[in-house]
Structures are given as structure tokens and as C-alpha cells.
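Okay, structure first, notes after.
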Amino acid sequence: MTTTRRIAPLALACALLAAPAASQAATWSDTFVGYRYGSDFREPTNTKDVEKHVLQFTHASGYSVGQNFLNLDIFQSDKADPANGGGSGATEFYLTYRHQVHLGKAFDRSFAFGPVKEVAVTAGFDLNTKNTAFSPRKRLVVLGPTLKFDVPGFLDVSLLLGKEWNRCGLDPVAPSSFDPCPRTEVSFDPQWIVSAAWGIPFSAGAVPLKFQGFININGEKGKDYAGIKTHTETLMRTSLMVDVGQMAWGKKNTFLMGVGYEYWRNKFGNHAFANGAEKPGIDTDAPTFQMEWHF
Numbered sequence: 001m002t003t004t005r006r007i008a009p010l011a012l013a014c015a016l017l018a019a020p021a022a023s024q025a026a027t028w029s030d031t032f033v034g035y036r037y038g039s040d041f042r043e044p045t046n047t048k049d050v051e052k053h054v055l056q057f058t059h060a061s062g063y064s065v066g067q068n069f070l071n072l073d074i075f076q077s078d079k080a081d082p083a084n085g086g087g088s089g090a091t092e093f094y095l096t097y098r099h100q101v102h103l104g105k106a107f108d109r110s111f112a113f114g115p116v117k118e119v120a121v122t123a124g125f126d127l128n129t130k131n132t133a134f135s136p137r138k139r140l141v142v143l144g145p146t147l148k149f150d151v152p153g154f155l156d157v158s159l160l161l162g163k164e165w166n167r168c169g170l171d172p173v174a175p176s177s178f179d180p181c182p183r184t185e186v187s188f189d190p191q192w193i194v195s196a197a198w199g200i201p202f203s204a205g206a207v208p209l210k211f212q213g214f215i216n217i218n219g220e221k222g223k224d225y226a227g228i229k230t231h232t233e234t235l236m237r238t239s240l241m242v243d244v245g246q247m248a249w250g251k252k253n254t255f256l257m258g259v260g261y262e263y264w265r266n267k268f269g270n271h272a273f274a275n276g277a278e279k280p281g282i283d284t285d286a287p288t289f290q291m292e293w294h295f
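Reminder that position 135 of the sequence shown reads as 135 in UniProt numbering, one-by-one numbering, no gaps.
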């Protein structure tokens with residue numbers, strides 16, 4: 001059985017789960033444009049810290065039996081992370097979409113237990129492109145159960161099965177015949193992904209705050225473009241935001257500002273070169289400044 005045939009049921013399930021949202025009126029929605037900045041980002045095989053400006057568009061909405069989440073990040077690097085051909089920093093587009101069907105609402109019965117208020121099925125995909133010499137084109141589909149916890153705001157914990165396709169556009173190194181990409185197009189092995197996302201509002205005296213973010217722990221996914229076995233990857237982005245709009249003009253959840261932190265280990269599953277030497281740039285510890293305008 002080919003890889004395409006093996007993944008077909010997963011892709012079909014994602015499409016079937018997403019389909020009901022198109023015919024259902026939204027019961028709530030939240031859309032915002034965000035900006036974040038940091039100067040301590042890292043990229044695999046790159047020994048330099050990278051400065052990045054990130055423009056973000058996010059939309060979340062609910063309907064009678066589920067909800068949608070869409071996020072587009074546009075990353076603009078400085079020259080430490082150059083575009084293909086040099087002259088400027090690289091630009092990356094990263095799109096994430098997730099759709100949930102809430103089983104309690106779909107079957108009109110309670111699936112609550114302990115601190116869990118609802119059980120859902122989550123399906124979705126990630127897409128990315130970046131204009132570096134590496135020229136990645138990630139396509140990831142995911143499917144799995146989600147526990148929705150009974151907290152102020154939200155806390156979702158998911159166990160997902162993922163399948164990723166990607167590419168490596170690096171050319172052979174001249175004058176030698178060394179080829180850094182023996183496999184230009186890579187179909188990775190299926191992997192388990194443990195994912196948590198949260199948005200918890202609270203107050204410190206008269207200051208309205210929100211603690212928000214996500215963490216993904218992505219299991220090994222076989223060998224990469226160079227035939228090197230991947231390792232478990234961990235990515236966390238979190239932030240503490242002040243609801244400036246509520247304090248300044250009495251409108252809750254309109255304009256927020258705060259500080260964040262990106263923690264990334266074994267970025268993209270990287271850990272070593274073929275000779276066993278550890279790759280530089282695979283771990284990130286980057287504080288960020290962030291803003292959000294909700295409408």
C-alpha cells in the first residue's frame with residue numbers, strides 16, 4: 001500500500017469534520033490582528049541569533065456543534081536568516097487550521113468527567129512556505145481527540161495523529177559532489193502529537209490580564225531529507241497580556257499588549273548532522289513583545 005493510500009482516510013476524515021462548519025451559523029467569534037517582535041530566534045544550522053517581526057491574523061468561532069480556529073503568521077527575518085540569493089531577510093508564511101466537533105453537542109448528551117467539561121474530535125492542517133535556499137513547503141494533517149477543561153477562558157488538551165510532507169531545495173555543494181538533500185521531497189512517517197492550548201483571563205488588583213499560549217510535543221517522524229532520524233520536537237509559545245482597551249476606554253478584549261516567550265527544542269525534529277555532530281540553531285529561547293487588536 002502506498003503512502004498516499006495510507007494517508008487518504010486521515011485526509012478524508014479532516015475534510016468531513018470541517019464540512020459542517022460551512023453550513024452552520026456562528027454562535028460566537030473572535031478575530032484579531034497581532035504583532036510580535038523578538039531578537040533571539042534561531043534557525044537550524046545557523047549559528048546566529050535572528051531578529052524577527054511577526055504579523056499575525058487569527059480567527060476563532062463557534063457554531064451549534066463545534067468550533068473553528070485559523071491562524072496565519074507572517075515572519076520577517078533580518079539578514080541573519082537570509083532569503084535565497086541574499087540581500088534581505090527571509091519571509092515565511094505559516095497557516096494553521098483546526099476544526100472541532102464537540103461530542104456532547106453532536107450527540108445531545110454529556111461527556112463531562114472530573115475537570116473535563118466536553119470531549120471533542122479535532123482535525124486540521126498546517127501549511128508553510130519560506131523563501132530561503134532550503135525552501136521548505138510543509139503540509140501537515142492532524143486528527144485526534146481533545147479534552148476541553150472547565151476553566152475560566154479555555155484549556156484544550158489534544159492527542160493527535162499527524163502526517164507531514166515537506167521539501168528541501170538545497171543544491172549540491174560545489175566544487176564537491178556533496179548533496180545536502182538526497183531526498184528533495186520528503187514524506188515523513190506518521191507521528192503522535194500532544195498539544196495543549198489555553199487562554200486564561202484573570203486580574204491582578206485593578207489590572208485585567210490574560211495568560212495564553214500553546215505547547216506542542218511532536219514525536220519522532222522517521223528520517224529527514226538527509227536520511228537522519230528525527231527526534232522528538234517541543235514548541236511552546238506563551239504570553240502574558242494586559243487588556244489595555246478595558247483599562248483605557250472600558251472595552252474588554254479589544255486591544256491587548258504584553259510580553260511572551262518562545263521555547264523550541266529540536267526544531268523541526270533536527271538534532272544532528274550525518275556525522276553525529278549536533279546541529280546549531282535547533283534550540284530557541286526567545287522573549288517577545290506582543291500586541292493584539294480584536295474586532
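From the three backbone atoms N, C-alpha and C, an ideal C-beta is built for every residue, glycine too.
With a threshold of 7 Å on Cβ separation, who are the neighbours of V50 within its own chain once the five nearest residues in sequence on each side are excluded? F41, R42, E43, S77, D78, A80 and D81
Of the residues E164, A226 and L127, which one's Cα is nearest the Cα of G219? E164
If you check the beta carbons only, do P287 and Y261 fall under 8 Å apart? yes
May I ask you to check if the CB of G276 is nearer than 7 Å to at least one heavy atom of the ligand SAM? Among the components of this structure there are no ligands whatsoever, and the ligand SAM is therefore not found.
In angstroms with no decimal places, state the Cα-to-Cα distance between K252 and H99. The alpha-carbon atoms of K252 and H99 are separated by roughly 26 Å.
Give the DSSP-derived three-state secondary structure of G144 in the structure shown. strand
For the region 104 to 186, which segments carrying the beta strand (DSSP E) assignment without a break, of at least 3 residues, lie completely within its bounds, in sequence order? 116 to 130, 139 to 149 and 154 to 167
Opposite R36 in the DSSP bridges: which residues? V54 and Q290
For A22, which residues of its own chain have a beta-carbon under 6 Å away from its beta-carbon, when the five flanking residues on both sides are left out? Reliability fails at A22, whose pLDDT of 48 lies under 50, so the model's placement of it is uncertain and no value is given.
Within 10 Å of its beta-carbon, does F295 have 16 or more other beta-carbons around it, so buried, or fewer, so exposed? exposed
Please report how far the alpha carbon of T129 lies from the alpha carbon of N68, in whole angstroms. 23 Å
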